[in-house]
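Undergrad: Residue numbers (the numbering used here): 1 to 141.
Every residue gets a Cβ at the ideal spot worked out from N, C-alpha and C, and that includes glycine.
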Amino acid sequence: AEWEMGGLPWWLLKKKDIRLRDNDPYFLERTRLFMNEVGKQLKDLQITKGGNIIMFQVENEYGAYGTNKEYIANIRDIVKEAGLAEVPLFQCDWNSNFENNALDDLVWTINFGAGANIYDQFKRLKELRPETPLMCSEFWS
1 AEWEMGGLPW
11 WLLKKKDIRL
21 RDNDPYFLER
31 TRLFMNEVGK
41 QLKDLQITKG
51 GNIIMFQVEN
61 EYGAYGTNKE
71 YIANIRDIVK
81 EAGLAEVPLF
91 QCDWNSNFEN
101 NALDDLVWTI
111 NFGAGANIYD
121 QFKRLKELRP
131 ETPLMCSEFW
141 S
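#1: If contacts are defined as beta-carbon pairs under 8 Å, then Gln57 and Phe98 qualify, I think. What distance do you get, rounded to the angstrom?
#2: Exposed or buried, what is Tyr71 when buried is set at 16 or more other beta-carbons lying within 10 Å of its beta-carbon?
#3: Starting from Glu37 and walking both ways along the beta strand (DSSP E), at which residues does that stretch end?
#4: Look at Gly115 and Trp94 and say whether their C-beta atoms are less than 8 Å apart.
#5: Report the partner residues of Trp140 according to the DSSP bridge assignment.
#6: Could you pull the start and end residues of the beta strand (DSSP E) that Asn199 belongs to?
#7: Give me the residue from Ile118, Asn117, Asp77 and Ser96 with the minimum Cα distance to Asp105.
#8: With a threshold of 16 other CB atoms inside 10 Å of the CB of Ile118, please say whether the residue is buried or exposed.
#9: Should Met35 go down as buried or exposed, given a rule of 16 or more other Cβ atoms within 10 Å for buried?
#10: Where do the ends of the alpha helix (DSSP H) carrying Asp181 lie?
#11: May I have the straight-line CA-CA distance separating Val38 from Ala82, to the nearest angstrom?
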């Protein structure tokens, strides 16, 4: 999600007033159409059906972009409608942004890099979500 508009197709920008990563009806409808196609190809590859997909990410570092739990919930629902919720759904962010958009029904994972104090990173996650597994979903160097 770090390249090419975060994985969003360039043609979305043909609509001049589109609001990306927001509750814009045009954006959400295009996301729904896309995820339904992705779901057709991936839903039978979930581990519950003998495949190798063990988790599915709903959003990536949205807390660094904005604050909008309704948007995160809409994307979560689109993923579920596409048949991709037989595995845990998760969202990732930096430890300073978790509370901005975190939904209780998603697994929270943390992102940090080589210079971070790993203990402090996971400590913050554990303080906010004591029951969550400790997982770094994006580690950079």
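TA: This is what the structure holds:
#1: Incorrect: roughly 15 Å between the Cβ atoms, too far for contact.
#2: With 16 or more other Cβ atoms within 10 Å, it is buried.
#3: Where Glu37 is concerned, there is no enclosing beta strand (DSSP E), although the alpha helix (DSSP H) it sits in stretches over Pro25 to Leu42.
#4: No, Cβ-Cβ distance for Gly115 and Trp94 is not below 8 Å.
#5: According to DSSP, Trp140 bridges with Gly113.
#6: Outside the modelled stretch of the chain, which goes from 1 to 141, sits residue 199, for which no answer is possible.
#7: Ranked by Cα distance from Asp105, the first of Ile118, Asn117, Asp77 and Ser96 is Asp77.
#8: Ile118 should be labelled exposed.
#9: Burial call: buried.
#10: In the structure as shown, the chain begins at 1 and stops at 141. Residue 181 is therefore absent and cannot be evaluated.
#11: Approximately 8 Å, taken between the alpha carbons.
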